[in-house]
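Numbering (our numbering), first residue to last: 179 to 636.
Report on one structure; see the data block that follows.
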């Protein structure tokens with residue numbers, strides 16, 4: 179059989195490490211120095227990294243010499259590039275050593291081979307997670323610091339922005355016209371100066387989430403030259419053409435990774451449930467047990483509830499059971515996702531069909547509305563509402579429309595900066611984009627407009 183192209187391969191390495199500490203309670207993609215990565219831009223065109231800034235990076239060595247990088251997925255699995263193991267004889271494999279927590283290859287320190295702040299797993303991308311062109315990502319390693327130069331002794335890092343896939347495809351075809359159905363992505367400036375190089379292969383291309391977690395988006399694979407410019411490639415002689423840094427496009431291989439043995443019983447799961455009730459009814463969800471990994475924005479393990487045609491209602495995590503959720507639709511979907519580390523006891527959700535005029539009562543909860551105009555009232559209105567209640571309404575209107583709120587009556591406990599009773603208005607279902615915060619006694623008629631077609635206030 180003819181060999182397949184090098185650039186489509188990844189390799190999953192199973193560790194048999196008797197001296198490594200167990201990977202227990204360690205969160206993926208979190209560096210003790212994660213906020214410093216973008217401030218310190220050799221690899222080629224980068225700079226020396228800080229100690230502990232890349233705890234997921236592994237040095238693969240043969241006879242004590244570094245030859246490739248890898249990434250920590252769990253305390254048993256590493257991920258690298260397949261061409262690092264193009265020589266796979268028993269003699270070669272017996273001589274390969276994976277060193278975690280490394281920084282200066284000339285020094286052996288007490289933190290190496292221990293899972294702690296200096297050796298942690300990296301996050302894999304979630305299904306459907308997208309990192310757009312121009313996203314500032316980071317690559318690190320101990321490879322050549324310039325083309326035909328010397329290998330680095332101390333860890334180097336460089337920031338590379340993602341290249342638009344169409345541009346990436348066009349540039350690579352100026353080098354190898356036969357390339358089709360690419361499973362790679364490109365990163366780096368078109369005028370060159372910053373790049374990965376020989377010896378960095380197998381290492382991670384990391385892109386940041388909004389919460390600071392670092393996600394393994396690519397595996398350092400290949401390129402023509404190191405740090406050369408590739409702008410106007412097609413106008414140059416073939417021998418002078420160059421390329422950006424080329425990486426395995428990891429999101430395309432997530433199913434392969436799971437098939438190869440990473441689908442553990444407690445972690446890395448994705449499940450969904452569809453609910454349907456008669457057309458005249460509404461759906462009530464009640465949470466009886468709930469214990470998921472906690473996160474400020476529920477971006478690790480989480481349960482997301484969708485109504486109708488995929489309209490998100492809420493995303494939940496932590497150990498506190500969510501309040502009842504009343505969905506003014508006869509269809510809903512629950513989607514549960516977990517990552518590679520830290521699992522909880524799970525959840526139990528009951529659903530039932532209720533009448534169209536059903537209300538949640540004084541305990542309140544979340545109500546999802548899809549057919550404004552509608553009137554919203556605090557519990558027991560016009561009587562006084564109770565203590566320690568949390569009410570949430572999610573409003574959707576058709577695409578092209580805006581949400582308008584008219585306040586006809588408004589009396590809440592007055593306090594400085596609304597630290598007691600308050601009504602908050604958000605422009606998204608996750609309650610990140612606050613539009614207004616209301617707390618005033620005998621408020622006059624007021625109007626609020628939101629120019630998105632989804633609205634969340636609580």
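Glycine residues also receive a C-beta, built at the ideal position from the N, C-alpha and C atoms.
Thinking residue i and residue j are a contact (beta carbons under 8 Å), I'd like their distance in whole angstroms, please.
{"i": "residue 426", "j": "residue 397", "result": "4 Å"}
{"i": "residue 283", "j": "residue 321", "result": "Actually they do not touch by this definition, with Cβ atoms about 12 Å apart."}
{"i": "residue 350", "j": "residue 357", "result": "5 Å"}
{"i": "residue 297", "j": "residue 382", "result": "Actually they are not in contact, since the Cβ atoms of residue 297 and residue 382 sit about 14 Å apart, beyond 8 Å."}
{"i": "residue 466", "j": "residue 516", "result": "Contact flag wrong, Cβ pair sits at about 20 Å."}
{"i": "residue 259", "j": "residue 338", "result": "Between residue 338 and residue 259 the Cβ distance is about 17 Å, and since that is not below 8 Å, they are no contact."}
{"i": "residue 458", "j": "residue 534", "result": "7 Å"}
{"i": "residue 244", "j": "residue 329", "result": "7 Å"}
{"i": "residue 569", "j": "residue 557", "result": "7 Å"}
{"i": "residue 278", "j": "residue 308", "result": "The pair is not a contact, with the Cβ atoms about 30 Å apart (cut-off 8 Å)."}
Would you mind reading off the limits of the beta strand (DSSP E) that contains residue i?
{"i": "residue 364", "result": "362-365"}
{"i": "residue 582", "result": "581-585"}
{"i": "residue 396", "result": "392-400"}
{"i": "residue 417", "result": "Per DSSP, residue 417 belongs to no beta strand (DSSP E) and is neither H nor E."}
{"i": "residue 460", "result": "460-469"}
{"i": "residue 449", "result": "448-454"}
{"i": "residue 208", "result": "Premise fails: residue 208 is in no beta strand (DSSP E) and is neither H nor E."}
{"i": "residue 552", "result": "Neither: residue 552 is in no beta strand (DSSP E) and is coded neither H nor E."}
{"i": "residue 302", "result": "From DSSP, residue 302 is part of no beta strand (DSSP E); its letter is neither H nor E."}
{"i": "residue 571", "result": "570-574"}
{"i": "residue 484", "result": "480-485"}
{"i": "residue 275", "result": "274-278"}
{"i": "residue 600", "result": "Unbroken run through residue 600: none, as it is neither H nor E."}
Mind checking whether residue i and residue j have CB atoms under 8 Å apart?
{"i": "residue 389", "j": "residue 474", "result": "yes"}
{"i": "residue 384", "j": "residue 315", "result": "yes"}
{"i": "residue 333", "j": "residue 346", "result": "no"}
{"i": "residue 231", "j": "residue 247", "result": "no"}
{"i": "residue 507", "j": "residue 461", "result": "yes"}
{"i": "residue 604", "j": "residue 491", "result": "no"}
{"i": "residue 581", "j": "residue 547", "result": "no"}
{"i": "residue 235", "j": "residue 344", "result": "no"}
{"i": "residue 485", "j": "residue 510", "result": "yes"}
{"i": "residue 602", "j": "residue 612", "result": "yes"}
{"i": "residue 368", "j": "residue 408", "result": "yes"}
{"i": "residue 481", "j": "residue 504", "result": "no"}
{"i": "residue 303", "j": "residue 432", "result": "yes"}
{"i": "residue 421", "j": "residue 353", "result": "yes"}
If you reduce the DSSP assignment to three classes, tell me which class residue i lands in.
{"i": "residue 411", "result": "helix"}
{"i": "residue 612", "result": "strand"}
{"i": "residue 505", "result": "strand"}
{"i": "residue 490", "result": "strand"}
{"i": "residue 214", "result": "Note that residue 214 has pLDDT 36, beneath the 50 cutoff, so the model's placement of it is unreliable and no number is given."}
{"i": "residue 268", "result": "helix"}
{"i": "residue 296", "result": "coil"}
{"i": "residue 233", "result": "coil"}
{"i": "residue 202", "result": "Confidence in residue 202 is poor, its pLDDT being 45 and thus under 50, which makes the residue's placement unreliable; the coordinate value appears in the next sentence. In this structure, residue 202 counts as coil in the three-state DSSP scheme."}
{"i": "residue 442", "result": "The pLDDT assigned to residue 442 is 38, lower than 50, so where the model puts this residue is not dependable, and the model offers no usable value."}
{"i": "residue 220", "result": "Residue confidence for residue 220 is low, a pLDDT of 35 falling below 50, so the modelled location carries little weight and cannot support an answer."}
{"i": "residue 314", "result": "strand"}
{"i": "residue 592", "result": "coil"}
{"i": "residue 251", "result": "coil"}
{"i": "residue 434", "result": "helix"}
{"i": "residue 262", "result": "helix"}
{"i": "residue 319", "result": "strand"}
{"i": "residue 523", "result": "coil"}
{"i": "residue 428", "result": "helix"}
{"i": "residue 624", "result": "Caution applies to residue 624, whose pLDDT of 45 falls short of 50 and renders its modelled position unreliable; the value that the coordinates give is listed next. Reduced to three states, the DSSP call for residue 624 is strand."}
{"i": "residue 558", "result": "coil"}
{"i": "residue 517", "result": "coil"}
{"i": "residue 511", "result": "strand"}
{"i": "residue 530", "result": "strand"}
{"i": "residue 244", "result": "strand"}
Can you tell me whether residue i sits near the ligand FMN, meaning its C-beta is under 7 Å from at least one heavy atom of the ligand?
{"i": "residue 230", "result": "Absence of the ligand FMN is noted for the structure shown, with no ligands found whatsoever."}
Examine chain D for any beta-carbon lying closer than 8 Å to the beta-carbon of residue i, and answer yes or no.
{"i": "residue 589", "result": "In the structure shown, chain D cannot be found, because there is only a single protein chain."}
Sequence ranges, beta strand (DSSP E) only - wholly within the stretch 322-389, length at least 3: 334-339, 362-365, 382-386
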